[in-house]
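Colleague: Quick note, my numbering runs 5 ahead of the 1-based positions in the sequence shown.
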Amino acid sequence: MRQREFNPQTWVSIKWFWLMLVLPFLVSMSIAQTGGDQGNLEMKGKVAFTPHNLSLGGRQTAGSEGTLTDYSLCRYCHMPRVTPAVEPLWYRKEAIRNFETRQTIEAPADKVFPVDPDSRTCLFCHDGTVAPGFPRRPVDANPQVNLTAPQAVSAENYNTHLFTFPASGLEISQPDSGSLLFMGENKTVRCGTCHDPHNNENGRFLKVTNDGSQICLQCHHMQNWGNSTHGNPENPVLKPLKQIACLQCHEIHTLPTKAKLLRSDENSLCLSCHDGMQDDSTEVLSRYNLQEVFEKPFIHPIRINPNVTQIGYGSGASRWQGGFSEDRSVRCGDCHNPHAVQAEEPSPFLPGALMFVKGVDAMGFTNGNAEFEFQVCYKCHGYNQNAEPSSDVARLFATSNRSFHPVEGPGNSAYVPSLKEGWSEQSMITCTDCHGNDDVAGVAGPHGSNIPHILKKPYADSTIPYAAPEESELCFQCHVEQKILQDNGFKFHNLHIQQAGFACSACHNPHGSQEMPGLIDLDRSYIEPTNGRKIVEADAPGHGTCYLSCHGKNHNGQSY
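(1) Can you tell me where the alpha helix (DSSP H) holding residue 127 begins and where it ends?
(2) Thinking C-alpha only, which one of 127, 438, 374 and 175 is nearest residue 197?
(3) Within 10 angstroms of the Cβ of residue 177, are there 16 or more other Cβ atoms? Answer buried if so, exposed if not.
(4) Going by the beta-carbon positions, is the gap between residue 221 and residue 254 smaller than 9 Å?
(5) With H, G and I counted as helix, E and B as strand and the rest as coil, what does DSSP make of residue 323?
(6) Does the beta-carbon distance from residue 492 to residue 484 come in below 9 Å?
(7) Could you pull out every residue in the same chain whose Cβ sits closer than 7 Å to the Cβ of residue 561, ignoring the five residues on either side in sequence?
(8) With DSSP run on the structure shown, which of helix, strand or coil describes residue 377?
(9) Quick one, are the C-beta atoms of residue 448 and residue 267 less than 9 Å apart?
(10) Below 7 Å CB to CB, which residues in the same chain sit around residue 482 once its five sequence neighbours on both sides are set aside?
(11) Under the rule that 16 or more other beta-carbon atoms within 10 Å means buried, what is residue 545, buried or exposed?
(12) In this structure, how does DSSP classify residue 345 when only helix, strand and coil are distinguished?
(13) Hey, out of 298, 271 and 270, whose CA is closest to residue 281's CA?
(14) Using alpha carbons as the reference points, say which of 182, 191 and 257 lies closest to residue 215.
(15) Assign residue 122 to one of two classes, buried (16 or more other C-beta atoms within 10 Å of its C-beta) or exposed (fewer than that).
(16) Assuming residue 524 contacts residue 539 (C-beta within less than 8 Å), just tell me the rounded distance between them.
(17) Over the uninterrupted beta strand (DSSP E) stretch that includes residue 544, give me the two end residues.
(18) What do you reckon, are the CB atoms on residue 376 and residue 364 nearer than 9 Å?
(19) State the Cα-Cα distance for the pair residue 370 and residue 381, rounded to the nearest angstrom.
(20) Name the two residues that bound the continuous beta strand (DSSP E) containing residue 563.
(21) Is residue 246 helix, strand or coil when you go by DSSP?
(22) In whole angstroms, what is the alpha-carbon distance linking residue 466 and residue 355?
(23) Along the chain, where does the alpha helix (DSSP H) that runs through residue 298 open and close?
(24) Give the straight-line distance between the Cα atoms of residue 319 and residue 180, rounded to the nearest whole angstrom.
(25) Judging by CA-CA distance, which residue of 502, 470, 404 and 445 is the nearest neighbour of residue 566?
(26) Terminal residues of the continuous beta strand (DSSP E) containing residue 554?
(27) So which of 406, 384 and 407 has the shortest CA-CA distance to residue 396?
(28) According to DSSP, simplified to helix, strand and coil, what is residue 459?
(29) Say whether the segment 512 to 520 touches the segment 402 to 421, bearing in mind that this needs 3 or more beta-carbon pairs closer than 8 Å, one atom from each stretch.
(30) Quick one: residues in its chain with C-beta nearer than 7 Å to the C-beta of residue 213, no 5 flanking neighbours on either side, listed in chain order?
(31) Shortest alpha-carbon distance to residue 504 belongs to which of 556, 513 and 305?
(32) Would you mind working out which of 387, 204, 479 and 474 sits nearest residue 456, comparing C-alpha positions?
(33) Going by C-alpha distance, which of 464, 496 and 547 is nearest residue 508?
(34) How should residue 236 be labelled, buried or exposed, when 16 other C-beta atoms within 10 angstroms of its C-beta is the threshold for buried?
(35) Which residues does DSSP pair with residue 365 in a beta bridge?
(36) By the 10 Å Cβ neighbour count, where 16 or more other Cβ atoms means buried, how is residue 227 classified, buried or exposed?
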């Protein structure tokens with residue numbers, strides 16, 4: 006008898022024949038061994054009525070009573086853990102280039118790869134090339150915002166919802182023990198944490214419905230979310246926000262170039278809604294058009310700077326580390342916490358738009374969530390080792406100064422007769438009483454203005470001492486113009502303003518003065534000393550003595 010030669014190809018074919026023959030039995034036994042009673046088997050059988058039924062017959066593999074009768078469809082995901090010499094065409098070795106799913110990968114620090122086999126199985130198809138990824142509404146970069154760095158684009162789809170779980174903290178924790186969401190080994194997030202590949206009753210194979218982002222809120226606990234404009238809007242126009250919730254801004258699966266799972270860079274993302282337009286059916290229309298405000302000549306520069314993407318309401322990074330003096334840019338999240346903003350003001354000194362935003366004190370030290378508006382402003386306009394000293398207005402508002410506008414605390418002058426009704430010597434003001442939109446009917450806040458220094462009303466600059474009274478309109482928001490011109494408080498006001506045509510800024514610093522009373526600022530090029538002295542001495546409220554030379558005249562001991 007002639008001896009047959011061994012054919013490896015024939016042997017592999019026979020092996021695959023028997024594996025496919027016993028696969029249904031292996032699957033059913035596997036279900037039973039993992040706590041799968043008949044009810045669990047029926048739940049797994051629901052895969053026949055989902056898009057995951059990739060068999061040739063489709064839903065014909067299901068019985069009349071909704072139970073699975075043909076287990077051959079299971080083979081597309083539940084492969085025996087072997088690597089045959091000849092593999093079926095549908096058993097893909099890898100998803101996309103640079104995304105090795107069947108090798109041990111040393112993940113770099115900035116890219117996190119899925120480590121559990123189940124998630125890698127999902128990504129055989131859900132890699133952005135075969136099965137669809139998470140549907141998302143694209144947001145084009147805003148040309149008014151993107152002034153420096155082009156938006157990075159990556160072909161990979163692996164840095165989705167991170168396949169790790171951060172340490173529990175104030176705003177994040179693992180799901181409760183009774184939750185249907187569960188972590189994988191080592192408490193890691195995996196595809197199966199949120200998805201059940203066998204059941205599509207909740208849509209997108211979710212384990213529970215995600216209406217109102219219920220899945221997200223099982224791990225993420227944002228401060229004030231339930232009362233915020235984005236989380237629980239009272240305006241009927243904004244009602245869809247409560248339903249869309251997190252998905253209005255975040256991608257559940259996104260690219261590694263997008264910080265915090267955002268659909269776009271932060272500033273462009275905010276302006277996609279806050280531009281007064283509804284670009285598509287999934288966008289919620291905002292009341293005001295912030296985009297046109299940021300097109301004004303004097304704005305907070307919200308240009309994109311990828312080097313400081315982690316600085317803002319949710320970051321422990323310091324703005325000082327971002328080269329502030331070299332790249333003066335700001336993000337919406339530096340002033341606003343999008344999870345906590347609300348219409349109601351918690352206090353007269355903190356608008357609802359600044360709720361739960363990190364702040365700093367007058368010395369530049371972080372002090373938790375800001376309790377006063379100025380603590381948010383001081384993050385950039387207070388003491389900052391990388392900024393110009395002239396931008397440190399905190400030193401001028403200090404309550405230890407000789408005089409100051411009452412921002413950090415009530416003023417120290419008991420005699421201010423020019424104040425309008427409703428104001429007193431014990432009143433306090435905020436930064437946005439002076440700084441903000443010059444359009445009174447437009448959006449509030451210091452986003453942009455047609456007036457220098459982002460002011461609400463005209464204010465003549467101190468570099469030019471002469472100005473008409475209407476050019477100091479900002480001052481007359483709190484002070485009665487006629488009382489000032491009638492020499493109430495200072496007997497030479499009319500002489501200087503009405504007759505000589507001097508601006509308020511010719512003598513006063515609008516923030517404060519460390520050594521002089523009445524906000525008097527002698528640091529002016531047109532004010533010179535006389536007999537070596539340049540000082541104003543206050544003897545009593547509204548009275549004192551000047552030792553200086555100004556507008557061509559010597560005031561050597563001039564009483565007022």
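Using N, Cα and C, we set each Cβ at its ideal position, and we do this for glycine too.
Modeller: Quick look at the numbers:
(1) 122 to 130
(2) 127
(3) exposed
(4) no
(5) Legend: pLDDT at residue 323 = 40, less than 50; position of this residue unreliable, value from coordinates given subsequently. Looking at residue 323 - three-state DSSP - the assignment turns out to be coil, as it is neither helix nor strand.
(6) no
(7) 535, 536 and 552
(8) coil
(9) no
(10) 462
(11) exposed
(12) coil
(13) 298
(14) 257
(15) exposed
(16) With a Cβ gap of about 16 Å, residue 524 and residue 539 do not count as contacting.
(17) 540 to 545
(18) yes
(19) 12 Å
(20) 558 to 564
(21) helix
(22) 28 Å
(23) 295 to 298
(24) Confidence is the limiting factor: at residue 319 the pLDDT is only 38, short of 50, which leaves the residue's position unreliable and the question unanswerable from this model.
(25) With the chain covering only 6 through 565, there is no way to say anything about residue 566.
(26) 548 to 555
(27) 384
(28) helix
(29) yes
(30) 185, 207, 219 and 220
(31) 556
(32) 479
(33) 464
(34) buried
(35) 371
(36) buried
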